[in-house]
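**Q** So that we are looking at the same thing, I have put the structure below in structure tokens.
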Amino acid sequence: MDELVSKLVTFPPQPPPSSPLSDSRYDESIKHHITAVGKIGDKSLLQQTPSGASALDIINPALNTVSYVYVLLAHINAAQKGGKGLGWEKVWGRIESFLESFDARQIRYLGKEFTHIIDVALKYARSTNQGLPPVAYITPESKLSTKLKYQDVLEYFLYSGMVYIGMRKWDSALECLENAVTYPAREVSKIMVEAYKKWVLVGLLLEGKLLHLPRYTSIAASKAFHTLGKPYESVAQIFETGTAARLKSEVEAGQKIWQDDCNTGLIFNILAGYQKFQIRNLAGIYTKITIPEVNHLTTSAETGSRLQSPALAEQLVRDMIAEGSLDATLSNPPGGPAILTFMTSGLKKSEKEIEEELQASRERIQVLAAEIKRTDRMLTYDKEYLKFVQKQKKNAKNGVLDQAIAGPDLDWNALEDEDIMAGVTY
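The sequence shown lines up with residues 1 to 426 when you count with full-length UniProt numbering.
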């Protein structure tokens with residue numbers, strides 16, 4: 001064992017030389033050491049001291065990386081064959097220690113061996129403690145869960161909606177909250193009422209108006225929602241038809257309600273969104289409008305009045321365009337105020353959406369071309385068409401000029417009177 005260890009620690013030299021090895025000298029020395037250690041058989045590398053320690057307990061992976069790799073591979077091979085050596089748990093511990101501390105310069109010479117160690121580590125990591133799907137062990141029998149009650153389902157929808165609200169994903173939040181609001185429970189719970197209050201505010205942020213409850217909402221639930229959610233419905237109605245000053249006053253009057261319901265953040269978003277909806281609604285009247293006019297025609301519900309300067313209105317418009325909530329462009333003509341131009345072609349489409357539309361148009365054109373080709377073929381071999389061609393030839397021989405240049409004249413008045421219902425059976 002002592003002889004083995006002495007061979008394993010010959011590189012790098014210890015103590016280090018006074019002057020570091022040159023690159024060429026280092027390259028020559030490490031290659032010689034790799035050749036020497038590579039000739040040592042696994043049986044020798046698996047030797048143990050009288051106390052049961054292996055070479056892995058003696059040599060330092062950070063210092064003697066080359067030697068440690070070969071000894072570690074010997075133990076891995078022994079563990080895979082079920083032979084003498086360290087058990088898999090100890091081998092795994094040695095692999096972890098090695099991967100955390102190996103010398104990067106030495107490992108460059110051991111690409112194949114290093115890759116093998118990585119593969120073994122990955123295979124072992126994936127083969128132990130495989131995670132079971134939750135439905136396999138979270139059952140009433142395992143005592144890790146109890147039978148779900150309808151309140152648990154409602155809480156799931158409510159909390160999901162709150163998460164999406166925090167992420168400002170209003171569409172997803174509205175869907176989750178609506179699932180809680182319309183849940184087919186026998187009695188209206190507090191969770192459903194809380195979900196309705198948030199649903200009103202989120203719908204207001206999305207559509208700018210108080211949304212109607214879905215038709216499948218129970219009558220009892222609708223009555224309870226309208227009664228208990230009256231302050232929120234009032235805010236929504238003022239947002240839709242009232243002034244900024246009135247909306248600000250309504251919000252300030254119900255400050256304690258919003259705090260108790262933990263909806264203050266949503267209310268602040270409502271105030272901030274009031275002027276944004278006013279700006280978007282200008283697109284129904286104007287195609288172009290100057291920023292000073294925007295500032296004059298809109299008001300902020302956060303202050304209850306117009307913004308202090310057109311510059312603030314311009315910054316608000318720029319923010320809306322940047323976040324994608326306003327489909328418009330902003331230009332700065334020389335010597336004049338900035339001009340807001342609303343897009344009249346609808347929402348901007350991504351390159352992928354445009355490509356999909358082009359492909360769909362291409363397919364429609366191909367179908368139409370095939371139909372035209374089929375129709376032309378039918379006309380070419382149609383009995384009535386052939387009669388017409390023969391008549392044209394006869395007229396040409398008799399010196400009667402035909403106005404048609406190519407193909408039949410499609411003007412019904414140019415044809416002789418005939419029974420156009422011939423061949424039709426009843």
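All residues carry an ideal CB built from backbone N, CA and C; glycine is no exception.
Note that this is a predicted model, so its numbers are computed, not measured.
Taking 6 Å as the limit between beta carbons, can you name the residues of its chain near I405, skipping five residues before and five after?
**A** Taking the first residue of the sequence shown as position 1, residue 405 is located at position 405. In this prediction, I405 has a pLDDT of 40, which is less than 50 and means its spatial position is unreliable; what the coordinates show is noted afterwards. If we look at I405 and ignore the five residues flanking it on each side, it has no Cβ neighbours.
**Q** Pick from L330, L73, V202, Y196: whose alpha carbon is nearest that of K169?
**A** Position 169 of the sequence shown, counted from the first residue, corresponds to residue 169. Cα-wise, what sits closest to K169 is V202.
**Q** Closer than 6 Å by C-beta to G208: which residues in its own chain qualify, once you throw out the five before and the five after it? Chain order, please.
**A** Here the question's residue 208 lines up with position 208 in the sequence shown. Around G208: F277.
**Q** Helix, strand or coil: how does DSSP classify Q403 here?
**A** Translated into the one-based positions of the sequence shown, residue 403 becomes position 403. Note that Q403 has pLDDT 45, beneath the 50 cutoff, so the model's placement of it is unreliable and no number is given.
**Q** Following the continuous alpha helix (DSSP H) through I59, name the residue where it begins and the one where it ends.
**A** The residue given as residue 59 occupies position 59 in the sequence shown. For I59, there is no enclosing alpha helix (DSSP H), as DSSP gives it neither H nor E.
**Q** Under three-state DSSP, which class holds Q48?
**A** Here residue 48 corresponds to residue number 48 of the sequence shown, with the count starting at 1. In the structure shown, Q48 sits in a strand (DSSP, three-state: E or B).
**Q** Could you spell out where the alpha helix (DSSP H) holding I219 opens and where it closes?
**A** The residue you call residue 219 lines up with position 219 of the sequence shown. Counting along the chain, the alpha helix (DSSP H) containing I219 begins and ends at 219-228.
**Q** Verify whether the separation of the beta carbon atoms of A221 and G304 is less than 7 Å.
**A** Position 221 of the sequence shown, counted from the first residue, corresponds to residue 221. Position 304 of the sequence shown, counted from the first residue, corresponds to residue 304. Cβ distance not < 7 Å, so A221 and G304 don't count as in contact.
**Q** So, with DSSP's three-state summary, where would you put S300?
**A** Numbered from its first residue, the sequence shown carries residue 300 at position 300. S300 falls in the strand class under three-state DSSP.
**Q** Since L247 and Y274 are thought to touch, with beta carbons under 8 Å apart, how far apart are those beta carbons, to the nearest angstrom?
**A** What you label residue 247 is simply residue 247 of the sequence shown in a count that begins at 1. What you label residue 274 is simply residue 274 of the sequence shown in a count that begins at 1. 6 Å between Cβ atoms; contact.
**Q** Which residues in the same chain as P140 place their Cβ atom closer than 7 Å to its Cβ, once the five residues preceding and following it in sequence are excluded?
**A** In the sequence shown, residue 140 corresponds to position 140, counting from 1. Same-chain partners within the cutoff: T146, K147.
**Q** By the three-class DSSP mapping on this structure, what secondary structure does A139 have?
**A** Numbered from 1 along the sequence shown, position 139 holds the residue referred to as residue 139. Residue identity check: residue 139 is Thr in the sequence provided, not Ala. It is coil, neither helix nor strand.
**Q** Tell me whether K147 sits in a helix, a strand or coil according to DSSP, three-state version.
**A** Counting from 1 along the sequence shown, the entry for residue 147 is found at position 147. Here K147 sits in coil by DSSP.
**Q** Less than 7 Å between the beta carbons of I279 and A338, yes or no?
**A** To locate residue 279, count along the sequence shown from 1; it is residue 279. To locate residue 338, count along the sequence shown from 1; it is residue 338. Not a contact, by the Cβ cut-off of 7 Å.
**Q** According to DSSP, is A328 part of a helix, a strand, or is it coil?
**A** The count along the sequence shown starts at 1 and reaches residue 328 at position 328. Looking at A328 - three-state DSSP - the assignment turns out to be strand.
**Q** Given this structure, state the Cα-to-Cα distance separating I267 from V251, to the nearest angstrom.
**A** Taking the first residue of the sequence shown as 1, we reach residue 267 at position 267. Taking the first residue of the sequence shown as 1, we reach residue 251 at position 251. Those two C-alpha atoms are separated by around 8 Å.
**Q** Considering only residues of the region 249-311, which uninterrupted alpha helix (DSSP H) runs meet the minimum length of 4 residues and lie entirely inside it, listed in chain order?
**A** Within the region 249-311, the complete alpha helix (DSSP H) runs of at least 4 residues fall at 255-260, 264-281, 291-297.
**Q** Within the same chain, show all residues whose beta-carbon is closer than 6 Å to that of D2, passing over the 5 residues directly before and after it, in chain order.
**A** In the sequence shown, the residue the question calls residue 2 occupies position 2. None.
**Q** If contact is defined by three or more beta carbon pairs under 8 Å, each pair taking one atom from either stretch, is the region 82-102 in contact with the region 31-39?
**A** The answer is no - the region 82-102 does not touch the region 31-39, with fewer than three Cβ pairs under 8 Å.
**Q** Along the chain, where does the alpha helix (DSSP H) that runs through I191 open and close?
**A** Sequence index remark: in the sequence shown, residue 191 carries index 191 (1-based). Segment 190-207, the alpha helix (DSSP H) holding I191.
**Q** With a threshold of 6 Å on Cβ separation, who are the neighbours of L158 within its own chain once the five nearest residues in sequence on each side are excluded?
**A** By one-based count along the sequence shown, residue 158 stands at place 158. Non-local C-beta neighbours of L158 in its own chain, meaning closer than 6 Å and more than five positions away in sequence, comprise A180, I191, A195, ordered along the chain.
**Q** Looking only at C-alpha atoms, which of T115, E89, E155, V71 sits nearest to Y124?
**A** Here residue 124 refers to the residue found at position 124 when the sequence shown is read from its first residue. It is E89 whose Cα lies nearest to the Cα of Y124.
**Q** Compute the distance between the beta-carbons of Y109 and I30, then report whether it is under 7 Å.
**A** Locating residue 109 in the sequence shown gives position 109, where the first residue counts as 1. Locating residue 30 in the sequence shown gives position 30, where the first residue counts as 1. For Y109 and I30, yes; Cβs fall inside 7 Å.
**Q** Taking Cβ positions, are D327 and M343 nearer each other than 7 Å?
**A** In the sequence shown, the residue the question calls residue 327 occupies position 327. In the sequence shown, the residue the question calls residue 343 occupies position 343. Taking 7 Å as the Cβ cut-off, D327 and M343 qualify as a contacting pair.
**Q** Report, in whole angstroms, the separation of the C-beta atoms of V200 and G229, which I expect to be a contact under 8 Å.
**A** Residue numbering aside, residue 200 sits at position 200 when the sequence shown is read from its first letter. Residue numbering aside, residue 229 sits at position 229 when the sequence shown is read from its first letter. Correct: roughly 6 Å between the Cβ atoms.
**Q** So is K198 buried or exposed if we call it buried at 16+ other beta carbons inside 10 Å?
**A** Stepping through the sequence shown from its first residue, residue 198 is reached at position 198. By the 10 Å Cβ count, K198 comes out buried.
**Q** Which residues bound the alpha helix (DSSP H) around F114?
**A** Counted from its first residue, the sequence shown places residue 114 at position 114. F114: member of the alpha helix (DSSP H) spanning 111-127, first to last residue.
**Q** Can a CB atom of chain B be found closer than 7 Å to the CB of I76?
**A** Structure shown: chain B not included; a single protein chain is present.
**Q** Identify every residue that forms a DSSP beta bridge with S54.
**A** Counted from its first residue, the sequence shown places residue 54 at position 54. DSSP, once it has assigned bridges, lists Q48 as partnering S54.
**Q** So, are the CB atoms of V91 and A79 less than 7 Å apart?
**A** Position 91 of the sequence shown, counting from 1, holds the residue named residue 91. Position 79 of the sequence shown, counting from 1, holds the residue named residue 79. For V91 and A79, yes; Cβs fall inside 7 Å.
**Q** Do I270 and L204 have their C-beta atoms within less than 7 Å of each other?
**A** Against the sequence shown, residue 270 aligns to sequence position 270. Against the sequence shown, residue 204 aligns to sequence position 204. A contact, by the Cβ cut-off of 7 Å.
**Q** State yes or no: is the C-beta of L297 within less than 7 Å of the C-beta of V317?
**A** Position 297 of the sequence shown, counted from the start, is the residue given in the question as residue 297. Position 317 of the sequence shown, counted from the start, is the residue given in the question as residue 317. L297 is not a Cβ neighbour of V317, given a cutoff of 7 Å.
**Q** Looking at the secondary structure, which residues open and close the alpha helix (DSSP H) in which L368 lies?
**A** The residue you call residue 368 lines up with position 368 of the sequence shown. Its alpha helix (DSSP H) spans residues 351-380.
**Q** By DSSP, does T65 sit in helix, in strand, or in coil?
**A** Here residue 65 refers to the residue found at position 65 when the sequence shown is read from its first residue. T65: helix per DSSP, three-state reduction.
**Q** Pick helix, strand or coil for I40, following the three-state DSSP scheme.
**A** Within the sequence shown, residue 40 is the residue found at index 40, counting from 1. I40: coil per DSSP, three-state reduction.
**Q** Y161: buried (16+ other C-beta within 10 angstroms of its C-beta) or exposed?
**A** Here residue 161 refers to the residue found at position 161 of the sequence shown. The residue asked about is misnamed: residue 161 is Gly in this sequence, not Tyr. Burial call: buried.
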